[in-house]
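Heads up: the sequence shown at position 232 corresponds to 242 in the working numbering, and the numbers run straight through without jumps.
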Amino acid sequence: MGVAVIKLKNPPVNSLSLEVLTEFVISLEKLENDKTFRGVIVTSDCPGIFSAGLDLTEMCGKSQAHYAEYWRAVQELWLRLYLSNLVLIAAINGVSPAGGCLMSLTCDYRVLADNPKYNMGLNETLLGIVAPSWFKDTLVNTVGHRTAERALQLGLLFPPAEALRVGMVDQVVPEDQVHSTALSVMAQWLAVPDHARQLTKNLMRKPTADRLVKQRDADIQYFLRFISRDSIQKSLRVYLDKLRQKKG
Ligand SMILES: CCCC/C=C/CC(=O)SCCNC(=O)CCNC(=O)[C@H](O)C(C)(C)COP(=O)(O)OP(=O)(O)OC[C@H]1O[C@@H](n2cnc3c(N)ncnc32)[C@H](O)[C@@H]1OP(=O)(O)O
């Protein structure tokens, strides 16, 4: 039925490095242009981890030019995913904090594996950073304003049952059924004529995407100012050190 599978593979935690973002965008563009494909299942090849989100090492101790290039790549992937003409289904087979969660929220439907370790949410505040307005918009459009406000301020990571309750995911299924469920949901979505579904998706999502498109450069400048602050760099270094010391 013309369904591709994009399996994220950047061990150990599928962090979204500049290279991963760039390759993801290229793969999506190829699929969009190949009319034999109508749907994509986005999943992970790293056991227990859907994606650890943005690669913190790309945002720490690098040059302004690097930050700008990185942030443009983050914007680009979000725009491509959010406005994709393809049916996108996230088969979430692992934990998905921050950017990992955002990536799944851009999809049309989310199936999450029923494992209490597989938390998901936008936890930026816990790192001492702030989710940009378009991350916030994506969450609000999925779970509503009140739930998003509370989740964003507290940096909540939801276990599967909670994620389902607040509408962050559409289905929670046993781990070994995530892929087959994504495939059967895909069949249902592909039963709708493409042109009608695509125009409807555009109607729902374009106003949100346009807000970023209209101010992409300003958004990059804002990110540069924010990420270059000494206090933010310090927060990121402390957080990364904590992650690294977990093993020791
Ligand atoms: C205006 C500014 C807005 C910026 C927006 C940012 C959005 C984001 O996405 S920020 C990233 C937020 N991500 C997280 O908070 C997740 C952090 N990681 C974890 O919680 C855990 O790693 C995990 C639950 C995903 C996996 O745990 P596990 O025990 O299996 O692995 P670890 O031992 O913790 O990690 C292995 C290895 O990977 C490094 N790492 C983990 N996450 C990241 C990351 N997001 N970026 C870069 N590197 C990461 C971790 O430091 C370990 O490295 P070493 O092997 O060198 O010790």
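Note that CB positions come from ideal geometry on N, CA and C, so glycine has one too. Being a predicted model, the structure only gives us computed values, none of them experimental.
With 16 or more other CB atoms across the displayed protein chains lying within 10 angstroms of its CB, Ile51 is buried. If you check the C-beta of Thr67 against ligand 1, you find a heavy atom less than 8 Å away.
Within the model, the alpha-carbon separation for Gln163 versus Thr135 is close to 7 Å. Ser25 is not bridged by DSSP to any residue. Boundaries of the beta strand (DSSP E) around Ala101: Val97 to Ile102.
Counting only residues of its own chain and dropping the five nearest sequence neighbours on each side, Gly138 has a CB closer than 6 Å to the CB of Ser245. For Ser143, the uninterrupted alpha helix (DSSP H) segment begins and ends at Ser143 to Val153.
For Val121, the enclosing beta strand (DSSP E) has its first and last residue at Tyr119 to Ala123. Contact check for Val13 against Arg48 passes: the beta carbons are separated by less than 9 Å. With a cut-off of 8 Å, the C-beta of Phe34 is classified as distant from ligand 1, since no heavy atom of the ligand falls inside that distance. Val195 and Gln74 have their C-alpha atoms roughly 43 Å apart.
Of the other Cβ atoms in all chains shown, fewer than 16 fall within 10 Å of the Cβ of Arg175; this residue is therefore exposed. Arg235 is the residue among Arg215, Glu33, Arg235 and Lys211 whose C-alpha sits nearest the C-alpha of Tyr77. As computed with DSSP, Ile51 is found in a beta bridge with Val15 and Ile99.
Burial check for Gly71: the Cβ neighbour count within 10 Å stays below 16, so the residue is exposed. Judged by their CB atoms, Leu167 and Pro107 are nearer to each other than the 9 Å cut-off.
The stretch 201 to 208 makes no contact with the stretch 60 to 67, as fewer than three CB pairs between them are under 8 Å. With contacts defined as CB atoms closer than 9 Å, Arg215 and Asn129 fail to qualify as a contacting pair. Per the coordinates, the alpha-carbon of Val30 lies some 7 Å from the alpha-carbon of Asn20. When the five nearest sequence neighbours on each side are left out, the beta carbons in the same chain lying within less than 8 Å of the beta carbon of Gln243 are those of Cys70, Gly71 and Ile237, in order along the chain. Here DSSP, grouped into helix, strand and coil, assigns Pro107 to strand. Look at Leu213 here: in three-state DSSP terms it is helix. Short of 8 Å from the beta carbon of Leu89, and not among the five residues preceding or following it, lie these beta carbons of its own chain, in chain order: Ala219, Leu222 and Val223.
Here Leu38 is near Ser94, since their CB atoms are less than 9 Å apart. Under the DSSP definition of a beta bridge, Gln181 partners with Val121.
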